[in-house]
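Student: Numbering (the UniProt record's numbering), first residue to last: 1 to 275. My questions will all concern the structure given below.
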Amino acid sequence: MPDIQSCSDALDKLHLDESNTNPSETKIQNGGFQQPEVNGNAAHGSKQNDSHLENGEETNSDELKTAGKTNLIINYLPATYGDIELLSLFSRIGEIADAKVARDKQTGLSYGFGFVNFVRTEDALLAIEKLNGCDVQNKRIKVSFARPPGENRRQTNLYIQNLPKTLTDSEFVKMFECFGSIIQSNLLRDKKTGLPRGAGFIRYDTKQEAEVAIKEMNKKQLEGSSLPLVVKVAEEDRKAKVSYYAGMQMGLSAPNASIHTYLLDYNMYGKSPIT
Numbered sequence: 001m002p003d004i005q006s007c008s009d010a011l012d013k014l015h016l017d018e019s020n021t022n023p024s025e026t027k028i029q030n031g032g033f034q035q036p037e038v039n040g041n042a043a044h045g046s047k048q049n050d051s052h053l054e055n056g057e058e059t060n061s062d063e064l065k066t067a068g069k070t071n072l073i074i075n076y077l078p079a080t081y082g083d084i085e086l087l088s089l090f091s092r093i094g095e096i097a098d099a100k101v102a103r104d105k106q107t108g109l110s111y112g113f114g115f116v117n118f119v120r121t122e123d124a125l126l127a128i129e130k131l132n133g134c135d136v137q138n139k140r141i142k143v144s145f146a147r148p149p150g151e152n153r154r155q156t157n158l159y160i161q162n163l164p165k166t167l168t169d170s171e172f173v174k175m176f177e178c179f180g181s182i183i184q185s186n187l188l189r190d191k192k193t194g195l196p197r198g199a200g201f202i203r204y205d206t207k208q209e210a211e212v213a214i215k216e217m218n219k220k221q222l223e224g225s226s227l228p229l230v231v232k233v234a235e236e237d238r239k240a241k242v243s244y245y246a247g248m249q250m251g252l253s254a255p256n257a258s259i260h261t262y263l264l265d266y267n268m269y270g271k272s273p274i275t
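Below, the structure is given as structure tokens:
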């Protein structure tokens with residue numbers, strides 16, 4: 001991860017020729033974003049890059065693992081960041097197929113994460129290299145490959161009880177982010193007072209990360225709480241779902257099928273929200 005710097009500075013260091021790539025003029029076609037080409041070729045792409053694989057040249061294991069991967073998940077986005085800002089930032093890297101910030105359908109508020117799907121794998125890799133860990137409006141974003149839709153995400157969502165009532169959202173995330181990549185977090189609050197209820201949810205990217213968090217944090221005594229933490233896999237029943245969605249007020253819009261599938265996969269159980 002690079003030293004903390006603004007994403008704008010990180011992109012400036014790429015020395016990209018942007019004379020014909022104005023993100024604000026990008027058109028939407030077939031439900032996705034289509035970026036103009038530069039000097040007859042799509043931005044940052046070339047036939048030479050494609051021929052590397054076509055000619056059967058030797059590739060290392062990392063290249064094989066990432067081949068065909070183009071969809072990124074961007075975590076810790078500023079609350080004010082929208083689709084246009086997300087597109088504007090990442091389109092400086094290369095041609096984009098889809099870009100969307102996940103939002104609550106009822107309130108319109110951002111969930112703090114979004115997806116950018118590049119046309120080419122090399123552009124997605126470059127985006128991770130240059131933008132992961134950079135600063136956007138005083139928030140350090142995380143850029144990584146999104147897991148394919150349909151992968152089993154059971155046992156990645158944790159329910160945490162006996163949290164200090166004074167705990168903030170950022171402190172809650174900081175407490176658990178050292179164990180893995182956090183996809184979603186939700187510190188439950190009282191509907192009337194808005195005060196924390198002493199419980200919350202943390203969703204990790206993998207089951208292994210969730211298991212480490214349980215091992216390290218379950219039964220841990222925190223200052224400000226009279227009882228030790230209870231950290232366990234969220235129960236996969238309707239009661240747990242209702243509790244979760246009541247806190248999140250979950251409701252996802254679907255601008256296109258690709259993004260919709262990812263958003264549903266990243267909610268609690270990969271199913272449509274309870275209505």
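Every residue gets a Cβ at the ideal spot worked out from N, C-alpha and C, and that includes glycine. These figures come from a predicted structure and were not determined experimentally.
Mind pulling the beta strand (DSSP E) runs of 3 or more residues that sit fully within the segment 145-185?
Tutor: Entirely contained in the segment 145-185, the beta strand (DSSP E) runs reaching 3 residues are, in chain order, 157-161.
Student: On the DSSP letters alone, give me the boundaries of the alpha helix (DSSP H) that ALA127 sits inside.
Tutor: Along the sequence shown, read from residue 1 onward, the residue named residue 127 stands at position 127. Residues 121-131.
Student: Just the C-alpha distance for THR206 and LEU77, rounded to the nearest angstrom, thanks.
Tutor: Residue mapping note: residue 206 aligns to position 206 of the sequence shown, counting from 1. Residue mapping note: residue 77 aligns to position 77 of the sequence shown, counting from 1. Near 21 Å, if we compare the C-alpha coordinates of LEU77 and THR206.
Student: According to the neighbour-count rule (16 or more other Cβ atoms, all chains shown, within 10 Å of its Cβ), is ARG154 buried or exposed?
Tutor: By 1-based counting over the sequence shown, the position of residue 154 is 154. ARG154 is exposed by the Cβ-count criterion.
Student: Per DSSP, which residues does residue 359 bridge with? Please list them.
Tutor: The structure shown does not extend to residue 359, since the chain spans only 1 to 275, so no value can be given for it.
Student: Which class does LEU87 belong to by DSSP, given the choice of helix, strand or coil?
Tutor: For the purposes of this step, residue 87 is taken as the residue at position 87 of the sequence shown. Reduced to three states, the DSSP call for LEU87 is helix.
Student: Does the separation of the CB atoms of ARG197 and ARG203 fall below 9 Å?
Tutor: Mapped onto the sequence shown, residue 197 falls at position 197. Mapped onto the sequence shown, residue 203 falls at position 203. No, these two residues do not count as a Cβ contact at 9 Å.
Student: When you compare each of GLY112, ASP98, ILE128 to ASP104 by their alpha carbons, which one comes out closest?
Tutor: Taking the sequence shown and counting its residues from 1, the one referred to as residue 104 is at position 104. Cα-wise, what sits closest to ASP104 is GLY112.
Student: Would the beta-carbon of LEU163 fall within 9 Å of that of ALA199?
Tutor: Looking up residue 163 in the sequence shown gives position 163. Looking up residue 199 in the sequence shown gives position 199. Yes; because the gap between Cβ atoms is below 9 Å, this pair is in contact.
Student: Would you tell me roughly how many angstroms separate the C-alpha atoms of VAL119 and GLN161, rounded to the nearest one?
Tutor: Position 119 of the sequence shown, counted from the start, is the residue given in the question as residue 119. Position 161 of the sequence shown, counted from the start, is the residue given in the question as residue 161. Answer to the nearest angstrom: the Cα atoms are 42 Å apart.
Student: Might you give, ordered along the chain, the residues of its own chain that have their beta carbon closer than 8 Å to the beta carbon of LEU195, omitting 5 neighbours on each side?
Tutor: For the purposes of this step, residue 195 is identified with residue 195 of the sequence shown, where counting begins at 1. Closer than 8 Å at Cβ, skipping near neighbours: LYS165, ARG189.
Student: Could you check if GLY224 is buried or exposed, using at least 16 other CB atoms within 10 Å of its CB as the buried criterion?
Tutor: Your numbering for residue 224 matches position 224 in the sequence shown. Its Cβ having fewer than 16 others within 10 Å, GLY224 is exposed.
Student: Is it right to say SER170 is buried, meaning 16 or more other beta carbons lie within 10 angstroms of its own, or is it exposed?
Tutor: By one-based count along the sequence shown, residue 170 stands at place 170. So SER170 ends up on the exposed side.
Student: Tell me LEU72's beta-bridge partners as DSSP assigns them.
Tutor: Translated into the one-based positions of the sequence shown, residue 72 becomes position 72. According to DSSP, LEU72 bridges with VAL116, PHE145.
Student: Could you check whether the segment 140-148 touches the segment 214-222, counting it as contact only if at least three pairs of C-beta atoms, one from each stretch, sit closer than 8 Å?
Tutor: Segments in contact, no.
Student: In the DSSP assignment, the beta strand (DSSP E) including GLY202 goes from what residue to what residue?
Tutor: Position 202 of the sequence shown, counting from 1, holds the residue named residue 202. Here residue 202 is Ile; the residue named in the question, Gly, does not match the sequence. Counting along the chain, the beta strand (DSSP E) containing ILE202 begins and ends at 196-204.
Student: How many whole angstroms separate the CB atoms of VAL101 and SER110, which I take to be in contact at a CB cut-off of 8 Å?
Tutor: Residue numbering aside, residue 101 sits at position 101 when the sequence shown is read from its first letter. Residue numbering aside, residue 110 sits at position 110 when the sequence shown is read from its first letter. At roughly 5 Å, the Cβ-Cβ gap stays under 8 Å, so VAL101 and SER110 are in contact.
Student: Which residue wins for smallest C-alpha separation from VAL233, given the options THR156, ALA97, LYS69?
Tutor: Against the sequence shown, residue 233 aligns to sequence position 233. Checking every option, the nearest Cα to that of VAL233 belongs to THR156.
Student: To which residues of the same chain is GLN137 closer than 8 Å at the C-beta, ignoring the five residues directly before and after it?
Tutor: Position 137 of the sequence shown holds residue 137. Excluding residues within five positions, the ones whose Cβ falls inside 8 Å are PRO78, THR80, TYR81.
Student: Between LEU187, LYS191, ALA127, GLU211, which has its C-alpha nearest SER181's C-alpha?
Tutor: Position 181 of the sequence shown holds residue 181. For the residues LEU187, LYS191, ALA127, GLU211, the minimum Cα distance to SER181 belongs to GLU211.
Student: Using the three-state DSSP reduction, which class does LEU188 fall into: helix, strand or coil?
Tutor: Taking the first residue of the sequence shown as 1, we reach residue 188 at position 188. Strand, per DSSP.
Student: Just verifying my parser: in three-state terms, what is the DSSP assignment at residue 277?
Tutor: No information on residue 277 is available, as it lies outside the stretch 1 to 275 that the chain covers here.
Student: Would you report the Cα separation of THR168 and ILE74, rounded to the nearest angstrom?
Tutor: Taking the first residue of the sequence shown as position 1, residue 168 is located at position 168. Taking the first residue of the sequence shown as position 1, residue 74 is located at position 74. Distance between the alpha carbons of THR168 and ILE74: 22 Å.
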